[in-house]
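Trainee:
Protein chains in written order, with the working numbering: chain B, 1106 to 1387; chain D, 3 to 269; chain U, 30 to 316.
#1: Taking the C-alpha atoms as reference points, what is the distance between residue 1253(B) and residue 11(D)?
#2: Measure the Cβ-Cβ separation of residue 295(U) and residue 259(U) and say whether it is below 9 Å.
#3: Excluding the 5 residues flanking residue 117(U) on each side, which residues of the same chain have their C-beta closer than 6 Å to its C-beta?
#4: For residue 1270(B), list the residues DSSP reports as bridge partners.
#5: Drop a sphere of 10 angstroms on the beta-carbon of residue 253(D), count the other beta-carbons inside from all chains shown, and report buried for 16 or more, exposed for fewer.
#6: Do you know how far the Cα of residue 185(U) is from the Cα of residue 163(U)?
#7: Can you pull the chain U residues whose beta carbon is under 8 Å from the beta carbon of residue 1288(B), in chain order?
#8: Got a sec? Which residues, its chain only, sit under 6 Å from residue 1160(B) by beta carbon, not counting five neighbours each side?
#9: Give a yes or no on whether 9 Å exceeds the smallest Cβ distance from residue 224(D) to chain B.
#10: For the stretch 1181 to 1193 of chain B and the stretch 198 to 214 of chain D, state whether three or more C-beta atom pairs, one from each stretch, are separated by less than 8 Å.
#11: Apart from the five residues on each side of it in sequence, which residues of its chain come closer than 8 Å, Cβ to Cβ, to residue 265(D)?
#12: Look at the Cβ atom of residue 8(U), then the Cβ atom of residue 281(U), and state whether they are nearer than 9 Å.
#13: For residue 1108(B), name the three-state secondary structure that DSSP assigns.
#14: Rounded to whole angstroms, what's the CA-CA distance from residue 37(U) to residue 286(U)? Just pull it up for me.
#15: Inspect the beta-carbon positions of residue 307(U) and residue 292(U) and report whether they are closer than 9 Å.
#16: So, for residue 1185(B): in the same chain, excluding its five sequence neighbours on each side, which residues have a beta-carbon less than 8 Å away from its beta-carbon?
#17: Locate the beta strand (DSSP E) running through residue 172(D), then write down its first and last residues.
#18: Which residues in the same chain have their Cβ closer than 8 Å to the Cβ of residue 1289(B), if we skip the five residues on either side of it in sequence?
#19: Is residue 110(D) helix, strand or coil when you go by DSSP?
#20: Relative to chain B, which residues along the stretch 122 to 142 of chain D have a C-beta separation below 9 Å, given in chain order?
#21: Any Cβ of chain D within less than 9 Å of the Cβ of residue 1202(B)?
#22: Which value, in whole angstroms, describes the spacing of the CA atoms of residue 6(D) and residue 1292(B)?
#23: Can you list, in chain order, the residues of its chain with a C-beta nearer than 6 Å to that of residue 148(D)? Leave out the 5 residues immediately preceding and following it.
#24: Thinking C-beta only, is residue 208(U) closer than 9 Å to residue 1150(B)?
#25: Measure the Cβ-Cβ separation of residue 1136(B) and residue 1332(B) and say whether it is below 9 Å.
#26: Check whether the stretch 98 to 109 of chain D touches the stretch 146 to 162 of chain D, counting contact only when three or more Cβ pairs, one atom from each stretch, lie closer than 8 Å.
#27: Is there a Cβ of chain B sitting closer than 9 Å to that of residue 82(D), yes or no?
#28: With three or more C-beta pairs closer than 8 Å as the rule, is the stretch 129 to 143 of chain U touching the stretch 179 to 197 of chain D?
#29: Please report the straight-line C-alpha distance between residue 208(D) and residue 176(D), rounded to a whole angstrom.
#30: Pull out every residue of the stretch 180 to 193 of chain D whose Cβ sits closer than 8 Å to any Cβ of chain U, in chain order.
#31: Give me the Cβ distance between residue 1301(B) and residue 1146(B), rounded to the nearest whole Å; I'm assuming they're in contact under 8 Å.
#32: Of all the options 1120(B), 1325(B) and 1211(B), which has the alpha carbon lying nearest to the alpha carbon of residue 1131(B)?
#33: Closest to residue 1347(B) by CA distance: which of 1308(B), 1196(B) and 1382(B) is it?
#34: Verify the CB distance criterion: does residue 1369(B) have a CB-CB separation below 9 Å to chain D?
#35: Answer yes or no: does any C-beta atom of chain D fall closer than 9 Å to that of residue 1214(B)?
#36: Are residue 42(U) and residue 89(U) close, meaning C-beta to C-beta below 9 Å?
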């Protein structure tokens, strides 16, 4: 499959403070993301993952290196709107990304900016709201919605642009378990049914475990890049970086250390149940 | 609790007045104000009153809500009316005591003024009661759009207005939370000495300011991500469409206005 | 001995309006001195309303709250003293920081208590140490600190009042795993030093499971259950039914039981799971 996002030798430094010191946040990132992939980005606070995300739709531009999305160089100012339509972004705080006091008008915001004619806009807004399951709430005020519902509205606002990929920067960090489930189900559906590439930045290991591929960032570099079972089975390294692994992965890791014959690459509950059953049957 | 305060005075309902195009409603309201102020006779005012009351009834909003809109003004109105009664000395004297006299003209003019202002306030309330603040903002933006040619920032003002409306509930909730949190640290918001209270006010305002700036910053990034670039070339989901109803309403208003002006000439 | 008690505590919002809602419904509970309590419940279960009653921020519609056996609303003018004895740390507490220096912000509560400057200084420094803020941070502006540090400054602000009961509403929300573990470790350290009562609201069952002596579950304004951690997780299926989560490891052992591998114990931490499995494997000669 084609690469939708290509990042080559990306460096980024924030403009220095009064002393002119520069702080390098990204130190040479090479990353290709294939179309339709569901990618999780892990890393502790300050590891550079949000900074990386902001490079994908040109909120930030590289100090050195190159980022292209669907063949568009993010540094190409003349194609900025094309780029941002192609790669939409959802942020952590649901309150601070909703612009309008009426749900459907918020979903339409990007289309209004792009000058989409009314008839088409109406259809795209309705479709987007239906696809995140918020159509019945189209005339509500955002302040009447729960956190999970607000995030779904924000996702609909991006979906309405018909993007090829969506970058979500800790979209569930401020939600309760129910809201988290709603949002994760919505994201997964976007990926499966609409083939949209997903880049999910998260602190929740269970969310990352459900992705196709996980990259782990530390100190501005990518230190791991693999399928979830392979990444999480490196329990020692993950802990050293300050990250968690799913409880079941930790359990099988501990059991292996005590001499049990059990696969280290277990990340889901079902796999763990199967493996323990096997252990006791043999 | 702060949360319980209702913002704006919009009462969503299904009435003819609610369904009118907000742009027409604004223009009609302006015409109504002119109507109430043109013509100095009681007959003119009576025609204006018929018009206003008719509109109030058509809006299907309980009449006591209109009364509520005038009530805060009542003391002011009464004082002005009383002054009027004593100051005006023309016309037949009805009652006299030492240097104070009450004349027919004085009474008439006071009653006239009270009725006129009451009608004016109630009539203007119809607009805010039947139109949501966001629709109103939108209509004002479109009515003022010719001013864009004069470099007047119509779109920017309207965008600021609508973002403010969007964030009022959020900020109220936030203020509520900060007050509770500082109270939990022993801050006395509603008691204590004045300097103490001022200090405690700082403990609420500083976090509120900081969080508002953070919100503004994040919102700006989110808007940029969704291709916001000012008002140029923007289309709108909200379509303001005028129908035959709007023209009928406008014609009725103009007829009434003409009647008032004519009555003013004749009587 | 009970330090905090409620008797038929009820709170109704917006009485006599169409929005009337009973958020806390006839709740009876009793919390003992020195206990660590975990409070769970989904959004709207009444848990936030409940904790705001414990320090007198909300006044019950009916029922009583007893602190040390005394009705906290017996004398309305003394409600402020209750707030010093029952410290409440709200969600995202770093958003309430306002002073120019870390020291001053932590000192805000103790100052409101009317303590002497010396006492304030001693308390601030001691609390800062408990929560892992080094002394050279004290004169820095709190707004220059990292997210995790700010969070700890805000928590210290309440801890420094030395409340008998400390309530924390989701103290680790939005932090990364390292930040979360650090906060929990510091709270534990603080508890060991002061032996006071702690009540933690959290959505993370994994965290509560490894931390709390007893767990209180709220559902639709009512007390769903309030029992020892083991016994609460024994009702895992019911807990899942009311929209809450149980630790992944608990789910695994429930499934094992369903498939015929019953260890006869409730499992909610990884360490215990490992120990249990290894013991049984040895017994069966599998190892």
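Cβ atoms here follow ideal geometry from the backbone N, Cα and C, with glycine treated the same way.
These figures come from a predicted structure and were not determined experimentally.
Mentor: So, from the listed chains and residues:
#1: About 29 Å.
#2: Cβ distance < 9 Å, so residue 295(U) and residue 259(U) count as in contact.
#3: The answer, listed in chain order, is 84 and 196.
#4: Note: residue 1270(B) sits in a beta bridge opposite 1192(B) and 1302(B).
#5: Per the 10 Å Cβ criterion, exposed.
#6: Using only the alpha carbons, I get a separation of about 12 Å.
#7: For the C-beta of residue 1288(B), not a single chain U residue is nearer than 8 Å; the gap to the nearest is close to 14 Å.
#8: So the list reads 1172, once near-sequence residues are dropped.
#9: With 9 Å as the cut-off, residue 224(D) counts as an interface residue toward chain B.
#10: No: the two stretches stay apart, fewer than three of their Cβ pairs being nearer than 8 Å.
#11: Here the set comprises 41, 43, 45, 46 and 49.
#12: Chain U is shown from 30 up to 316; residue 8(U) falls before or after that span and cannot be answered.
#13: The DSSP-derived three-state label of residue 1108(B) is strand.
#14: Going by the C-alpha atoms only, they are around 38 Å apart.
#15: Not a contact, by the Cβ cut-off of 9 Å.
#16: 1163.
#17: Per DSSP, residue 172(D) belongs to no beta strand (DSSP E); it is in the alpha helix (DSSP H), 156 to 186.
#18: Excluding sequence neighbours, residue 1289(B) sits near 1277, 1312 and 1315.
#19: In this structure, residue 110(D) counts as helix in the three-state DSSP scheme.
#20: From the stretch 122 to 142 of chain D, only 134, 135 and 136 have a Cβ closer than 9 Å to chain B.
#21: Taking 9 Å as the CB threshold, residue 1202(B) lines the interface with chain D.
#22: Below a pLDDT of 50, predicted positions are generally treated as unreliable, and residue 6(D), at 38, falls in that range; no measurement from the model is reported.
#23: Excluding the 5 residues flanking it on each side, residue 148(D) has no same chain C-beta neighbour closer than 6 Å.
#24: Taking 9 Å as the Cβ cut-off, residue 1150(B) and residue 208(U) qualify as a contacting pair.
#25: In this structure, residue 1332(B) does not lie closer than 9 Å to residue 1136(B) by Cβ.
#26: Segments in contact, no.
#27: False, the Cβ-Cβ gap to chain B never drops below 9 Å.
#28: They touch, by the three-pair rule.
#29: The alpha-carbon atoms of residue 208(D) and residue 176(D) are separated by roughly 12 Å.
#30: Within the stretch 180 to 193 of chain D, the residues whose Cβ lies closer than 8 Å to some Cβ of chain U are 180, 182, 183, 184, 185, 186, 187, 188, 189 and 190, listed in chain order.
#31: In this structure residue 1301(B) does not touch residue 1146(B) by the C-beta definition: roughly 16 Å separates them, more than the 8 Å allowed.
#32: Minimum Cα-Cα distance from residue 1131(B) among the listed residues 1120(B), 1325(B) and 1211(B) corresponds to 1325(B).
#33: Check the Cα spacing between residue 1347(B) and each of 1308(B), 1196(B) and 1382(B): the tightest is with 1308(B).
#34: It does not: the Cβ of residue 1369(B) has no partner Cβ on chain D nearer than 9 Å.
#35: Interface residue, yes.
#36: At a Cβ-Cβ threshold of 9 Å, residue 42(U) and residue 89(U) do not count as neighbours.
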